[in-house]
Amino acid sequence: MLFIVIAAISPDCLMEAKVVSKDNRVADSSPSNESPALPKQRRVFKKFFAAGVLVCFALLVLGVYALRPCQIDRDLFFTVSSGQSLAAVARTLHRDGLIADPFAFRVLARWHGQGRKIQAGSYRFAAGRYQPGSVLQILVEGRVELVQCTLPEGMTALEVAHRCSAAGIGQLERYRALFSDRDFLNALGVDALEGYLFPETYRFAPGVSESSVLTTMVTEMRRHLNKSLLTAAAKQGLNELQLLTLASIIQKEAGNVEEMPLISAVFHNRLKRGMLLQADPTVIYGLGEFDGNLTRIHLRTPTPYNTYVHRGLPPGPIANPGLDALTAAAHPADENYLYFVATGDGVHYFSKTLKEHNRAVRRYQLRR
Numbered sequence: 255m256l257f258i259v260i261a262a263i264s265p266d267c268l269m270e271a272k273v274v275s276k277d278n279r280v281a282d283s284s285p286s287n288e289s290p291a292l293p294k295q296r297r298v299f300k301k302f303f304a305a306g307v308l309v310c311f312a313l314l315v316l317g318v319y320a321l322r323p324c325q326i327d328r329d330l331f332f333t334v335s336s337g338q339s340l341a342a343v344a345r346t347l348h349r350d351g352l353i354a355d356p357f358a359f360r361v362l363a364r365w366h367g368q369g370r371k372i373q374a375g376s377y378r379f380a381a382g383r384y385q386p387g388s389v390l391q392i393l394v395e396g397r398v399e400l401v402q403c404t405l406p407e408g409m410t411a412l413e414v415a416h417r418c419s420a421a422g423i424g425q426l427e428r429y430r431a432l433f434s435d436r437d438f439l440n441a442l443g444v445d446a447l448e449g450y451l452f453p454e455t456y457r458f459a460p461g462v463s464e465s466s467v468l469t470t471m472v473t474e475m476r477r478h479l480n481k482s483l484l485t486a487a488a489k490q491g492l493n494e495l496q497l498l499t500l501a502s503i504i505q506k507e508a509g510n511v512e513e514m515p516l517i518s519a520v521f522h523n524r525l526k527r528g529m530l531l532q533a534d535p536t537v538i539y540g541l542g543e544f545d546g547n548l549t550r551i552h553l554r555t556p557t558p559y560n561t562y563v564h565r566g567l568p569p570g571p572i573a574n575p576g577l578d579a580l581t582a583a584a585h586p587a588d589e590n591y592l593y594f595v596a597t598g599d600g601v602h603y604f605s606k607t608l609k610e611h612n613r614a615v616r617r618y619q620l621r622r
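Heads up: the sequence shown begins at 255 in our numbering, then just goes up one per residue.
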């Protein structure tokens, strides 16, 4: 009985224990009397263990192979549509040579909890070597290929719409519709978009709406119409719309940035004296259709924008001015000039009197 208790307390000793039977005979429990089933179970276990190791090793090799990097020899554009499934994205990536195995890519995405985080858009993959993880990260972070559009200073709103649509950013007719959409204009706090589309290089994601494009440009203009600039304009007697209007005329008249403050001085001086501005670009804008040849008939055509006919500033901007023109409109040069004439080499000659101006006209214009 004592041996049985000891064996129960110490199972490890079971193999060496002697068991006493009721008739006091001792039974040997040494390995020689071990049940023949135990070695068989051990052999089965070893086989299963070895098979498991082989399977794990095979899966590891397959995983490494399936998630191997891929090389592309040229720039590749890849588009993820809105609502596109992970499986569809993986198939397309595999077809385009960006990943080695679509199933492994799906497993990788789900393992990282990013199966539903891939963002729609157009992506540009430069020629090079890509790991599946880096491809996944690009798609999850939404590093889409942006469409660039540069707007020079002095473009009209319609020209801006043409430039954007030609670059693949929106459709021309939708821009034109927004130009007269009162709800849209009221939401932006403007009566018209002319003058409020800041000239800049913009980058938009493919598929961006026309309203978002225009809103971005207006927001950019408002950012430049800061308190300092508006305060300086107010000292010259100009509100925001008048500042934009005068700046747009300066933008269209100036041959270079350096002479903008001088042109601004001419217009400010004429406004203070009640003189007609007589700015050719305002006439051209009012005509709408213009063949490049400004005639006396055009100068007498009574459009609202004709500053040869109407005193003061026109009813609104005639183009979208840049920051230099805005600054010049708010900070005119301290000069008494009242006239200027193009010299033919990209700049202007400025005069204080009509007599001096007429001489300059004969010198630079009539001699052509």
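C-beta atoms are modelled at their ideal positions from N, C-alpha and C, and glycine is treated no differently.
The model shown is predicted, which means the values in this text are computed figures rather than measured ones.
Tell me which residue opens and which closes the alpha helix (DSSP H) that residue i is part of.
| i | result |
| --- | --- |
| Gln-402 | Segment 401 to 404 is the beta strand (DSSP E) holding Gln-402; no alpha helix (DSSP H) there. |
| Thr-536 | 534 to 541 |
| Met-471 | 464 to 478 |
| Tyr-562 | Here Tyr-562 belongs to no alpha helix (DSSP H), and DSSP marks it neither H nor E. |
| His-552 | 550 to 554 |
| Glu-512 | Taken as a continuous stretch (DSSP letters only), Glu-512 belongs to no alpha helix (DSSP H), as it is neither H nor E. |
| Gln-368 | Careful: Gln-368 lies outside any alpha helix (DSSP H) and carries neither H nor E. |
| Ala-614 | 608 to 618 |
| Glu-494 | 494 to 507 |
| Val-414 | 411 to 420 |
| Asp-578 | 577 to 584 |
| Thr-485 | 481 to 489 |
I'd like to check one pair, residue j with residue i: are the Cβ atoms closer than 8 angstroms?
| i | j | result |
| --- | --- | --- |
| His-611 | Val-601 | no |
| Ser-518 | Pro-586 | yes |
| Pro-453 | Thr-499 | no |
| Gln-496 | Glu-464 | no |
| Arg-352 | Cys-324 | Note on identity: in this sequence residue 352 is Leu, with Arg being the wrong assignment. Yes. Within cutoff. |
| Gln-423 | Val-389 | One detail in the question is off: residue 423 reads as Ile in this sequence, not Gln. No, the pair does not count as a contact, with Cβ atoms beyond the cut-off. |
| Gln-373 | Gly-396 | yes |
| Arg-565 | Leu-530 | yes |
| Ala-582 | Ile-504 | yes |
| Leu-451 | Val-414 | yes |
| Phe-379 | Asp-329 | yes |
| Arg-360 | Ala-341 | yes |
| Val-444 | Val-462 | no |
| Leu-447 | Ala-501 | no |
| Leu-393 | Val-334 | yes |
| Pro-386 | Leu-321 | yes |
| Leu-479 | Glu-494 | yes |
| Met-514 | Ala-459 | no |
| Asn-590 | Lys-609 | no |
What residue does the beta strand (DSSP E) around residue i start on, and which one ends it?
| i | result |
| --- | --- |
| Tyr-591 | Unbroken run through Tyr-591: none, as it is neither H nor E. |
| Leu-352 | Segment: none, Leu-352 is in no beta strand (DSSP E) and carries neither H nor E. |
| Tyr-450 | Element bounds for Tyr-450: n/a, residue is neither H nor E. |
Identify the residues that DSSP records as bridge partners of residue i: which are they?
| i | result |
| --- | --- |
| Arg-383 | Gln-325 |
| Ala-596 | His-602 |
| Arg-434 | A small fix is needed here, since residue 434 is Ser in this sequence, not Arg. Paired residues: none, contrary to the question. |
| Val-334 | Gly-375 |
| Phe-458 | Val-401 |
Should residue i be labelled buried (16 or more other beta-carbon atoms within 10 Å of its own) or exposed?
| i | result |
| --- | --- |
| Pro-556 | exposed |
| Phe-521 | buried |
| Arg-617 | exposed |
| Ile-551 | exposed |
| Pro-640 | For the chain, the structure presents residues 255 to 622; residue 640 sits outside this window and is missing. |
| Phe-544 | exposed |
| Phe-331 | exposed |
| Asn-560 | buried |
| Val-259 | The predicted model places Val-259 with a pLDDT of 36, which falls under 50 and marks its position as unreliable, so this point remains unresolved. |
| Asp-588 | exposed |
| Asp-355 | buried |
| Ser-275 | At Ser-275, the pLDDT of 45 sits below 50, so the modelled position is not reliable and the matter cannot be decided from this model. |
| Val-343 | buried |
| Ala-508 | buried |
| Lys-489 | exposed |
| Phe-357 | exposed |
| Arg-364 | exposed |
| Thr-536 | buried |
| Lys-481 | exposed |
| Ala-584 | buried |
| Ser-434 | exposed |
| Pro-558 | exposed |
| Ser-339 | exposed |
| Gly-598 | exposed |
| Gly-449 | buried |
| Arg-349 | exposed |
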